[in-house]
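Protein chains in written order, with my numbering: chain A, 25 to 379; chain B, 25 to 379.
There are 2 protein chains.
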Amino acid sequence: MMNLGGPATLDDVEPFLLELFADREIIQLPLQRWLGPFIARRRSPKVRALYAGIGGGSPILRYTEAQGKGMVARLDRISPETAPHKFYVAFRYTRPGSDDALRAMHADGVRRAVAFTQYPQFSCSTTGSSLNELWRAASRTGLRQAFDWSVIDRWPVHDGFIHAMTETVRDGLSQFDSQVRDQALILFSAHSLPLDVIDRGDSYPQEVGASVQRVVEQLGRRNPYLLAYQSDVGPVRWLGPSTAEVLRRLGARGQKHVLVVPIAFTSDHIETLSELDREYGEVAHKAGITHYRRAPALNDRPLFLDGLAHIVRDHLASAEPHSSQYPMRCAGCTNPQCRNILNPISRKQESGSRS
Amino acid sequence: MMNLGGPATLDDVEPFLLELFADREIIQLPLQRWLGPFIARRRSPKVRALYAGIGGGSPILRYTEAQGKGMVARLDRISPETAPHKFYVAFRYTRPGSDDALRAMHADGVRRAVAFTQYPQFSCSTTGSSLNELWRAASRTGLRQAFDWSVIDRWPVHDGFIHAMTETVRDGLSQFDSQVRDQALILFSAHSLPLDVIDRGDSYPQEVGASVQRVVEQLGRRNPYLLAYQSDVGPVRWLGPSTAEVLRRLGARGQKHVLVVPIAFTSDHIETLSELDREYGEVAHKAGITHYRRAPALNDRPLFLDGLAHIVRDHLASAEPHSSQYPMRCAGCTNPQCRNILNPISRKQESGSRS
């Protein structure tokens, strides 16, 4: 289960930022080996304060472990032919990292492995970076041949995801009085990307757009909705519209009820608990939005645990090493490592075995 | 049936461009009343030559009329309770315009009218501009109270559209030898928009992304695919990735087979016949793409005529004056005219009558 990760304690904030700003797949800086650490150290106190504000650390490991436990229990039931199933966590910028996961898998005698991204929509800067790191970690740990790999590289419109996400939107709407519930504007918010990443041909905005459409269809209500992008930082131009700016403008023209929905995250972390709830909540309040609410993150919601299990079951049953779209490198990609799979299973030659 | 329109003859090119560059809903220029005509006149010879290259004019009126005829014939059969049906064409920048359509409708004794956008995905700069012009035309012609209006403002994932669009992709793929057909990269191409429009909160990229996802699902093949945006002009930054740049980069890394699919147009016009076929065909050839093909436009394809009829039938049966999303103005919208409907039908109070 691959994800960004987040600092578990305040002392983990600076190491987390150092890893993040060293990743050229998520951010490319001139003189990165020098400038990356410089920016990371300079931002560290501010980010540390944000984590202090949400309880002293990110809950992402706790939620990922709850998701993993719920998922494998369900998988053992719905896919007994591939049981027993185990899960391992591989975060990109904090422990447990890919090395930790691979060593633990090896110690447990795992042979068949699925690299399962926890980002529903594919981006080179998230899933792509995590996968490349996973293959590098396999080399570093001497485990290049230890596992037969397949990859779940995206699931933007899988029913297992859409049903659970739609349930969070319903829960979010239930926070509004029934008289105004129909007027609440649903503001889907996804993490933004620098336009340079978009212009290389990253599939993220297309897939996020598809997720939004499917959730709205599944929801079957008449609330207006809008997709915006959050968390842009620094001097380069990012994909818009910006969630904060949209809130300012909606408030300015008299919108009173807004439900914000984190459409591209699977658990609570700094972008939901701090940025959406606190920072943008303040923006909304100042703009005159009297009722600003957030749909809960998927977290350990049983319907999402069902969804994760179904995504894996469908993947195992397909006996495909990856989605048909996985080999599609960005048109402007310059990284020859992208879209590799180490020691992949052969297509359509699967038989039930441990994952 | 509202669409952009296109010059029918070479002498219509300059008037077409003058109208286009005067539309502040599609392009905002400083000193527009002076600079718009200046740019239009300066671009006119070049654009005239492009139209000369595709037979001396745009086929969009011919195709729209074929679509209208096929649609109303089908509607009379599948929705007899709302028959008889008639169609009228309202182009934005050429004749017949909104004034022409409204006067003809009035002369024919029409009372119940549906403003049916021919842009599958909503944008303020296309459907929004056409609708605002329609309401202005109703005022100009003294026909503000003449009709009971409803609006079909978007249909990005309607089955009637998706099935027909998927058929064009199949036809496009059939142009490749069966040995290489699976390797052909499907490059969906939509008209781009300036980033300032995107940043206001235009729903176009979200809806285009949803259309692409649905077509790929319906297609049920394993070809890689990518969404890019064409036709950016001028000094401002447009939404990417750029179709031309994507072709250059795909060619540079050895992609030999590319099928380009116009995902946001319903008929052939300069952007397909000249830009995609000729200009980008040359780009692809120079980049080393040996097999560059284009999926045919929807044009008068029977499955698309079925689709148009089903879209209208579903709309009439819903008895809704517009989609639930129509009132959702862009967060950054500054045009108070946006999202009006003149003399709208009451929700759920429809009975069968002429459209």
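Every residue gets a Cβ at the ideal spot worked out from N, C-alpha and C, and that includes glycine.
Reducing DSSP to helix, strand and coil, say where A:Ser298 ends up.
-> Within the first sequence, the letter at position 274 stands for residue 298 of chain A. Residue state, collapsed to three classes: helix.
Hey, A:Gly94 and A:Leu329 are a contact pair by Cβ (cut 8 Å); roughly how many whole angstroms apart?
-> Position 70 of the first sequence, counting from 1, holds the residue named residue 94 of chain A. Position 305 of the first sequence, counting from 1, holds the residue named residue 329 of chain A. Right, the Cβ-Cβ distance comes to about 3 Å (below 8 Å), so this counts as a contact.
Within-9 Å CB hit, B:Val236 to chain A = For the purposes of this step, residue 236 of chain B is identified with residue 212 of the second sequence, where counting begins at 1. True, the Cβ-Cβ gap to chain A drops below 9 Å.
Proximity test, Cβ basis, 9 Å: A:Tyr249 and chain B | Start at 1 with the first residue of the first sequence, and residue 249 of chain A comes out as number 225. Yes, because at least one Cβ of chain B sits closer than 9 Å to the Cβ of A:Tyr249.
Check whether the stretch 331-342 of chain B touches the stretch 92-107 of chain B, counting contact only when three or more Cβ pairs, one atom from each stretch, lie closer than 8 Å.
-> yes
In three-state terms, what does DSSP make of B:Phe382?
-> Residue coverage of chain B in this structure runs from 25 to 379, which leaves residue 382 of chain B outside it and unanswerable.
Kindly give me the distance between the Cβ atoms of A:Val282 and A:Gln145, rounded to whole angstroms, as I take these residues to be in contact under 8 Å.
-> Locating residue 282 of chain A in the first sequence gives position 258, counting from the first residue. Locating residue 145 of chain A in the first sequence gives position 121, counting from the first residue. Not a contact, Cβ separation roughly 22 Å.
The stretch 155-173 of chain A contacting the stretch 201-216 of chain A, beta-carbon criterion three pairs below 8 Å | no
Return yes when at least one heavy atom of the ligand SAM lies under 8 Å from the C-beta of A:Ser348, else no.
-> The ligand content of the structure shown is nil, which means the ligand SAM is not present either.
For B:Leu134, three-class secondary structure by DSSP = Taking the first residue of the second sequence as position 1, residue 134 of chain B is located at position 110. The amino acid at residue 134 of chain B is misidentified as Leu; the sequence shows Val. The answer is coil: DSSP assigns B:Val134 none of H, G, I, E or B.
Proximity winner among B:Arg164, B:Ala188, B:Pro31, B:Asp124, relative to B:Thr118 (alpha-carbon distances) = Your numbering for residue 118 of chain B matches position 94 in the second sequence. Residue B:Pro31 is the option with its Cα nearest to B:Thr118.
Buried or exposed (CB count within 10 angstroms, at least 16 for buried), B:Pro360 = Residue mapping note: residue 360 of chain B aligns to position 336 of the second sequence, counting from 1. Exposed: under 16 other Cβ atoms inside 10 Å.
Relative to chain B, which residues along the stretch 167-200 of chain A have a C-beta separation below 9 Å, given in chain order?
-> Pro180, Val181
Reference A:Ile78, options A:Val175, A:His293, A:Ser348, A:Asp123, closest by Cα | Sequence index remark: in the first sequence, residue 78 of chain A carries index 54 (1-based). Out of A:Val175, A:His293, A:Ser348, A:Asp123, A:His293 has the C-alpha closest to the C-alpha of A:Ile78.
Determine the burial state of B:Ser379: buried for a count of at least 16 other Cβ atoms within 10 Å of its Cβ, exposed for fewer.
-> To locate residue 379 of chain B, count along the second sequence from 1; it is residue 355. Summary for B:Ser379: the model assigns pLDDT 41, below 50, so the residue's position carries little reliability; its value from the coordinates is reported in the next sentence. Counting Cβ neighbours within 10 Å, B:Ser379 comes out buried, since at least 16 surround it.
B:Val285 vs B:Met189 beta-carbon contact at 9 Å = Start at 1 with the first residue of the second sequence, and residue 285 of chain B comes out as number 261. Start at 1 with the first residue of the second sequence, and residue 189 of chain B comes out as number 165. Yes. Within cutoff.
Per-residue burial, B:Trp3 [other beta carbons within 10 Å of its own, 16 or more giving buried] = Here chain B comprises residues numbered 25 to 379, so residue 3 of chain B is not present and cannot be evaluated.
Closest by CA to A:Ala311, which one among A:Arg136, A:Arg317, A:Tyr75, A:Leu274?
-> In the first sequence, the residue the question calls residue 311 of chain A occupies position 287. Closest by alpha carbon: A:Leu274.
Hey, B:Arg381 and B:Glu344: beta-carbon distance below 9 Å or not?
-> Outside the displayed range of chain B (25 to 379) lies residue 381 of chain B, so it cannot be described from this structure.
How about A:Pro218 and A:Ile51: are their beta carbons less than 9 Å apart?
-> In the first sequence, counting from the first residue as 1, residue 218 of chain A sits at position 194. In the first sequence, counting from the first residue as 1, residue 51 of chain A sits at position 27. For A:Pro218 and A:Ile51, yes; Cβs fall inside 9 Å.
Whole-angstrom distance between A:Arg317 and B:Ser227, CA atom to CA atom = Here residue 227 of chain B refers to the residue found at position 203 of the second sequence. Here residue 317 of chain A refers to the residue found at position 293 of the first sequence. If I take the Cα positions, the gap works out to 22 Å.
Residues in its own chain within less than 6 Å of B:Arg224 by CB, not counting five upstream and five downstream?
-> Locating residue 224 of chain B in the second sequence gives position 200, counting from the first residue. Cys354, Gly356, listed in sequence order.
To which residues of the same chain is B:Leu300 closer than 6 Å at the C-beta, ignoring the five residues directly before and after it?
-> Counting from 1 along the second sequence, the entry for residue 300 of chain B is found at position 276. So the qualifying residues of the chain are Val284, Arg318.
Could you pull out every unbroken alpha helix (DSSP H) segment of at least 4 residues lying fully inside the stretch 71-120 of chain B, listed in chain order?
-> 84-102
So B:Gln242 is in the alpha helix (DSSP H); what residue range does that whole segment cover?
-> The count along the second sequence starts at 1 and reaches residue 242 of chain B at position 218. Its alpha helix (DSSP H) spans residues 228-243.
Could you tell me if A:Gln306 is buried or exposed, where buried requires 16 or more neighbouring beta carbons within 10 angstroms of its beta carbon?
-> On the first sequence, residue 306 of chain A is found 282 positions in, with the first residue counted as 1. At residue 306 of chain A the sequence reads Glu, which differs from the Gln that was named. Exposed, by the Cβ-count rule.
For the alpha helix (DSSP H) that B:Val193 lies in, which residues bound it at each end?
-> Working through the second sequence from its first residue, we reach residue 193 of chain B at position 169. B:Val193 -> alpha helix (DSSP H) spans 183-197.
Which of helix, strand or coil does DSSP assign to B:Ser379?
-> Walking along the second sequence from the start, residue 379 of chain B turns up at place 355. In this predicted model, B:Ser379 has a pLDDT of only 41, less than 50, meaning its place in the structure is not dependable enough to derive any value.
Using a Cβ cut-off of 8 Å, pull out every chain B residue sitting near A:Arg317, in sequence order please.
-> Reading the first sequence from its first residue, position 293 is the one you call residue 317 of chain A. Going along chain B, no residue has its Cβ under 8 Å from A:Arg317, so there is no contact; the nearest lies around 18 Å.
Just to confirm, are B:Met25 and B:Phe171 a CB contact at a threshold of 9 Å?
-> Within the second sequence, the letter at position 1 stands for residue 25 of chain B. Within the second sequence, the letter at position 147 stands for residue 171 of chain B. Result no, Cβ atoms of B:Met25 and B:Phe171 do not sit closer than 9 Å.
Given that a residue counts as buried once 16 or more other Cβ atoms are within 10 Å of its Cβ, and exposed if not, what is B:Leu55?
-> Residue numbering aside, residue 55 of chain B sits at position 31 when the second sequence is read from its first letter. B:Leu55 is exposed by the Cβ-count criterion.
Can you tell me whether DSSP reads B:Asp172 as helix, strand or coil?
-> Here residue 172 of chain B is taken as the residue at index 148 of the second sequence, counted from 1. Strand at B:Asp172.
Between the C-alpha atoms of B:Leu99 and B:Phe40, what's the straight-line distance to the nearest angstrom?
-> Stepping through the second sequence from its first residue, residue 99 of chain B is reached at position 75. Stepping through the second sequence from its first residue, residue 40 of chain B is reached at position 16. Computed Cα separation, rounded: 32 Å.
Would you list, in chain order, the members of the stretch 330-357 of chain B that have their beta-carbon closer than 7 Å to a beta-carbon of chain A?
-> Ser348, Gln349, Pro351, Met352, Ala355, Gly356
Can you list the residues of chain B that A:Gln203 reaches, using a CB-CB cut of under 8 Å?
-> Numbered from its first residue, the first sequence carries residue 203 of chain A at position 179. Within chain B, no residue comes near A:Gln203; the closest Cβ sits about 18 Å away, beyond 8 Å.
Excluding the 5 residues preceding and the 5 following A:Pro83 in the sequence, name in chain order all residues of the same chain whose CB lies nearer than 6 Å to its CB.
-> Here residue 83 of chain A corresponds to residue number 59 of the first sequence, with the count starting at 1. Closer than 6 Å at Cβ, skipping near neighbours: Asp292.
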